[in-house]
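Novice: Once you've had a glance at the structure underneath, I'll fire off some questions.
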Amino acid sequence: MMGCLCAKAKSGSKKIKATDSKKGPNGYSWENKEEVNPKDFIIENAKDETIVRLPGSVKGQQFIIQNCEFHED
Numbered sequence: 001m002m003g004c005l006c007a008k009a010k011s012g013s014k015k016i017k018a019t020d021s022k023k024g025p026n027g028y029s030w031e032n033k034e035e036v037n038p039k040d041f042i043i044e045n046a047k048d049e050t051i052v053r054l055p056g057s058v059k060g061q062q063f064i065i066q067n068c069e070f071h072e073d
């Protein structure tokens with residue numbers, strides 16, 4: 001449904017202005033992200049070792065595992 005945001009007011013009436021209520025006084029949430037170190041989310045070239053990440057440590061980030069080898073004896 002589309003409509004008009006501004007309408008002509010009668011003379012002597014106060015003008016009403018539409019505002020964007022999504023942006024708060026501190027800005028958008030994606031502007032306040034903390035910096036992440038990409039090396040914390042990459043495991044590479046690991047050979048015959050067990051590497052563990054604790055629950056919550058990845059925080060929804062993309063996690064890359066590459067060039068790893070494990071040999072069972």
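According to UniProt numbering, the sequence shown holds residues 1 to 73 in order. The beta carbon of each residue, even a glycine, is placed where N, CA and C say it ideally should be.
(1) Considering only C-alpha positions, which residue in the set Asn37, Ala46, Asn26 is nearest to Glu69?
(2) Which residue from Trp30, Gln66, Gln61, Asn32 puts its Cα closest to that of Ile51?
(3) Return the CA-CA distance between Glu44 and Gly60, expressed in angstroms with no decimal places.
(4) I need the boundaries of the beta strand (DSSP E) containing Glu44, first residue and last residue.
(5) Counting only C-beta atoms, is Gln66 closer than 8 Å to chain B at any point?
(6) Could you check which residue in Val58, Glu34, Gly27, Glu31 has the C-alpha nearest to that of Asp40?
Specialist: From the atom records:
(1) Ala46
(2) Gln66
(3) 19 Å
(4) 42-44
(5) Within the model displayed, chain B is absent; a lone protein chain is all it includes.
(6) Val58
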